[in-house]
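Residues in the sequence shown are numbered from 2 upward in steps of one, following my numbering.
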Amino acid sequence: MLSQLIQALQGEVDAHEADANSVEQKELQEDIEMLRWRLEVATRAANHHEDTLDNIREEFNYKWAAETTEWRHSEAGQAFLKAWRDRHEKTTKDHETVSAKQAKLETELHALKLKLMRLQEEEE
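1. Can you grab the Cα-Cα spacing for the pair Ala100 / Glu13, in whole Å?
2. Does Thr108 come out as helix, strand or coil in the three-state DSSP assignment?
3. Going by beta-carbon coordinates alone, are Leu115 and Asp32 separated by less than 8 Å?
4. Roughly how many angstroms lie between the CA atoms of Gln103 and His50, to the nearest whole one?
5. Is it buried or exposed for Ala47, if we count other Cβ within 10 angstroms and need 16 for buried?
6. Is it the case that the segment 77-89 contacts the segment 29-45, given that we only count it when at least three CB pairs across the two stretches are under 8 Å?
7. Could you check the C-alpha separation between Trp85 and Ile57 for me, to the nearest Å?
8. Going by the CB atoms, is the gap between Thr92 and Leu54 shorter than 8 Å?
9. Going by other Cβ atoms of all chains shown within 10 Å of its Cβ, with 16 needed for buried, is Ala43 buried or exposed?
10. Quick one: measure Cβ to Cβ for Leu120 and Leu36, integer angstroms, because I've assumed they're closer than 8 Å.
11. Less than 8 Å separating the beta-carbons of Leu110 and Leu40?
12. Which of the three DSSP states is assigned to Glu25 in this structure?
Okay, here's the thing in C-alpha cells:
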C-alpha cells in the first residue's frame, strides 16, 4: 500500500517535472525567436551603416577629386573636409556599436540554443 502511494506520488512528480520542462522549453523557444528577430534587426542596421560608410567615402572621393587644389585649401574646402570627417566618424562609431550589439545577440542566441538542447536531452 505504501509502495503504491510512493509510486503514485513519484508518477505525479515526474509528470510535473515533464510539464515544467515543456513550459521551460516553450519559453526558451520563444526567447530564441525573439533573439533571432533582434539579431536580424541588428544585422540590417550593421549592413545599413556599412552601406552608408561606402556612400560617404564615394561622395568624398568624387567631390574631392572634382575640386581644385585651391578649393581644397580654402575655407570651404576645409569645412567640407571637417564635415566629412565628423560624419564618417559618427557613422563608424554607430556601426561599431551595432556590430557589438549584433555579436552579443549572437552569443545570447547560442547560449539559449545550448540550454534548449540540454533540456531536450534531459527529457529523453
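Glycine residues also receive a C-beta, built at the ideal position from the N, C-alpha and C atoms.
Answer, in terms of the structure:
1. One-based indexing of the sequence shown puts residue 100 at position 99. One-based indexing of the sequence shown puts residue 13 at position 12. Reading off the sequence shown, one finds Ser at residue 100, where the question assumed Ala. Roughly 48 Å between the two C-alpha positions.
2. Taking the sequence shown and counting its residues from 1, one reaches residue 108 at position 107. In the structure shown, Thr108 sits in a helix (DSSP, three-state: H, G or I).
3. Locating residue 115 in the sequence shown gives position 114, where the first residue counts as 1. Locating residue 32 in the sequence shown gives position 31, where the first residue counts as 1. No. Outside cutoff.
4. Taking the sequence shown and counting its residues from 1, one reaches residue 103 at position 102. Taking the sequence shown and counting its residues from 1, one reaches residue 50 at position 49. Straight-line Cα distance between these residues: approximately 13 Å.
5. Translated into positions along the sequence shown, residue 47 becomes position 46. The residue is buried, with at least 16 neighbouring Cβ atoms inside 10 Å.
6. no
7. Taking the first residue of the sequence shown as position 1, residue 85 is located at position 84. Taking the first residue of the sequence shown as position 1, residue 57 is located at position 56. Each residue's Cα considered, the two are about 8 Å apart.
8. Within the sequence shown, numbered from 1, the residue matching residue 54 stands at position 53. Within the sequence shown, numbered from 1, the residue matching residue 92 stands at position 91. Cβ atoms of Leu54 and Thr92: closer than 8 Å.
9. To locate residue 43, count along the sequence shown from 1; it is residue 42. Buried, by the Cβ-count rule.
10. The residue given as residue 120 occupies position 119 in the sequence shown. The residue given as residue 36 occupies position 35 in the sequence shown. 16 Å between Cβ atoms; not a contact.
11. Translated into positions along the sequence shown, residue 110 becomes position 109. Translated into positions along the sequence shown, residue 40 becomes position 39. Less than 8 Å divides the Cβ of Leu110 from the Cβ of Leu40.
12. For this step, residue 25 is matched to residue 24 along the sequence shown. Three-state result, Glu25: helix.
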